[in-house]
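Asks: Just dropping this structure here.
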Amino acid sequence: MRGRILIVDDEKDMLALLKRITSEETDYEVVTEVDSVKALELFKANQFDLVITDLKMPKMDGITLLEAVKKINPDVSVIILTAYATIETAVEAIRKGAYDYVTKPFKRERILVTIAKVMQWQKMVRENLSLRQALAQKDGSPLLLGSTPVMKQLLERIRQVAPTMATVLITGASGTGKELVARATHQYSLRSSKKFITVNCTAIPEQVIESELFGHVKGAFTGAWKDKRGLVEEAHEGTLFLDEIGDLSVNMQTKLLRLLQEGEYKPVGSLVTKKADIRFIAATNHNLKADINDKHFREDLYYRLNVIHIDLPSLKERKQDIPLLAHHFLKKYAETNGKEVRKLSPEATQALLSREYPGNVRELENIIERGVIFCTSGTLQVKDLHLDTEGELPYPELKEDIARLSFKDAKDKMISLFHNQYIVSLLRESGGNISKAADMAGIQRQYLHRLMKEAGIDAEQFKQKPE
Ligand SMILES: Nc1ncnc2c1ncn2[C@@H]1O[C@H](COP(=O)(O)OP(=O)(O)OP(=O)(O)O)[C@@H](O)[C@H]1O
Ligand SMILES: [Mg+2]
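For the sequence shown, position 444 matches number 507 in the working numbering, and the numbering has no gaps at all.
Written out as structure tokens, the structure reads:
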């Protein structure tokens with residue numbers, strides 16, 4: 064694909080000259096514009112790889128244009144044209160992200176060499192990016208699995224939006240992989256060497272969250288005995304993941320909006336405004352539209368966050384991914400538990416395919432983890448999955464009661480019920496023969512005797528009575 068250059072200069076002759084040089088000597092498609100405000104509109108509406116702009120222009124100067132285009136697409140390269148007298152400003156432009164500057168009047172070669180350097184640099188960035196993407200797959204970092212069309216589309220979308228500055232809103236039911244997607248987005252971005260910081264908006268009480276996010280200065284409130292950096296500062300140049308954003312109070316939403324809009328915030332108790340360079344990703348399982356209607360969520364914040372929307376499908380909507388996910392978790396938990404479980408029996412796969420997953424991928428993961436723990440062969444069987452007894456206590460008679468007991472009482476009660484049931488089954492099997500029962504259980508006869516006494520069980524009742 065051919066790259067595109069946008070050239071902006073208020074002098075028509077200069078524009079014509081630049082257009083001639085660039086169209087003749089480079090492979091770029093060239094667009095020119097004398098009016099810098101219109102140029103920005105053009106930039107918003109089209110994809111450009113390079114902007115060449117004059118510094119001094121009426122309406123909007125080159126620095127402002129540079130900042131505006133960089134905000135829209137940080138990957139765009141900008142070359143500044145400047146008269147000798149304004150070199151200082153040109154240097155400032157470099158600090159603000161311009162690739163290079165060229166002083167006027169310039170030689171044809173000078174501008175062409177600069178463009179060639181930009182092209183080379185862009186190629187390097189692209190290669191670096193794909194290298195990073197390849198690494199992200201290798202070093203065990205987030206592995207987002209899915210081979211269904213809906214997941215393939217989603218992965219493609221993540222790869223596309225990851226390298227941009229665009230804010231991403233991830234929605235989806237519990238356990239669908241929202242956090243994993245957020246991590247993958249960071250991993251595939253140019254910020255991947257910087258931090259990925261998670262703020263769990265549910266877990267932090269409202270009074271604490273502001274200082275947690277923005278930090279505080281010494282003496283800001285009782286207990287603030289020294290300055291503290293907030294998570295926003297921690298995430299500088301990296302990604303800030305606002306998890307469960309739907310749970311944030313309206314008051315905090317307002318402060319967050321300022322951070323998103325202006326890139327500015329104030330630590331609690333401080334008069335100094337700080338700047339943040341952060342990529343924002345937010346996630347929620349709320350229906351934010353409904354929250355807006357109920358006035359629980361600010362509409363303007365919603366639009367700020369919702370630049371890119373990624374909605375995760377429930378596992379039910381992508382059942383064909385279940386075998387793939389199940390094998391992945393099987394491998395993972397076999398490894399962590401040091402077990403040689405390698406396969407799922409066809410019946411187990413079928414059982415997994417034919418159930419509902421209100422807890423989505425996390426629920427599937429938990430089932431497999433438990434299965435691996437119970438599995439005694441190399442193949443995970445249906446019985447290992449314990450699908451029908453899921454969530455049930457082994458002793459139904461305890462069900463109602465258990466939450467009202469202390470841990471110790473609950474455990475004692477559970478154990479005495481276990482002793483009871485176990486001894487009864489043992490004695491039934493051995494026909495009331497205590498020595499045989501103790502043998503079967505692999506315990507001492509005396510010990511079994513004591514347990515029987517404690518449980519008030521008499522061996523007599525299990526003895527076969529002659530007819
Ligand atoms: N596509 C996937 N491939 C592999 N593992 C996945 C995938 N989706 C989710 N998981 C795994 O499922 C578990 C739950 O995912 P995650 O924590 O990202 O979900 P969530 O949507 O944030 O859940 P919650 O709403 O409960 O916070 C994690 O262990 C994650 O690694
Ligand atoms: Mg989550």
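In this text, a Cβ means the ideal position worked out from N, Cα and C, and glycines have one as well.
Every value quoted in this text rests on a predicted model; they were computed, and no experiment measured them.
DSSP three-state call for Arg418: helix, strand or coil?
Replies: Coil, per DSSP.
Asks: Is it true that the CB of Ile486 sits closer than 8 Å to the CB of Leu514?
Replies: yes
Asks: Three or more C-beta pairs under 8 Å: does that hold for the stretch 248 to 268 against the stretch 430 to 439?
Replies: The answer is no - the stretch 430 to 439 does not touch the stretch 248 to 268, with fewer than three Cβ pairs under 8 Å.
Asks: Exposed or buried, what is Leu416 when buried is set at 16 or more other beta-carbons lying within 10 Å of its beta-carbon?
Replies: It counts as exposed.
Asks: Apart from the five residues on each side of it in sequence, which residues of its chain come closer than 8 Å, Cβ to Cβ, to Glu327?
Replies: Arg321, Thr336, Lys337, Lys338, Ala339
Asks: When the Cα of Leu207 is compared with those of Leu388, Glu130, Asp73, Pro409, which residue comes out closest?
Replies: Leu388
Asks: By Cβ distance below 6 Å, which residues in the same chain neighbour His279 in space, the five residues on each side in sequence not counted?
Replies: Ala287, Lys291, Pro330, Val331, Gly332
Asks: Whose C-beta lies closer than 8 Å to the C-beta of Ala199 among residues of the same chain, with five residues either side of it excluded?
Replies: Its pLDDT being 49, under 50, Ala199 is placed unreliably in this model, and the value from its coordinates should be taken loosely. Only Pro205, Ala247, Gln250, Tyr251, Ser255 meet the Cβ criterion.
Asks: With a threshold of 8 Å on Cβ separation, who are the neighbours of Ala229 within its own chain once the five nearest residues in sequence on each side are excluded?
Replies: Val370, Ile371
Asks: Could you give the first and the last residue of the continuous beta strand (DSSP E) run that contains Val93?
Replies: 92 to 96
Asks: Tell me the rounded alpha-carbon separation between Ala225 and Gly160.
Replies: 20 Å
Asks: The beta strand (DSSP E) that contains Leu144, what's its start and end?
Replies: 140 to 146
Asks: Could you check the C-alpha separation between Val313 and Leu303 for me, to the nearest Å?
Replies: 19 Å
Asks: Do Leu144 and Val114 come within 8 Å of each other at the CB atom, strictly closer than that value?
Replies: Result no, Cβ atoms of Val114 and Leu144 do not sit closer than 8 Å.
Asks: Can you tell me whether DSSP reads Asn109 as helix, strand or coil?
Replies: coil
Asks: What's the call for Asn423, buried or exposed, on a 16-neighbour Cβ count within 10 Å?
Replies: Result: buried.
Asks: Look at the Cβ atom of Ile135, then the Cβ atom of Lys107, and state whether they are nearer than 8 Å.
Replies: yes
Asks: Report the rounded CA-to-CA distance for Gln524 versus Asp475, giving the unit in angstroms.
Replies: Taking the straight line from one Cα to the other gives about 26 Å.
Asks: Just to confirm, are Gly505 and Ala522 a CB contact at a threshold of 8 Å?
Replies: no
Asks: Determine the contact status of Ala411 and Leu443, defining contact as a CB-CB distance below 8 Å.
Replies: yes
Asks: Quick one: is Leu448 buried, meaning 16 or more other Cβ sit within 10 Å of its Cβ, or exposed?
Replies: buried
Asks: Give me, in chain order, the residues of the same chain whose beta-carbon lies closer than 6 Å to that of Pro137; leave out the 5 immediate sequence neighbours on both sides.
Replies: Met228.
Asks: For Phe284, count neighbouring C-beta atoms within 10 Å of its own C-beta (all shown protein chains included) and say buried if the count is 16 or more, exposed if not.
Replies: exposed
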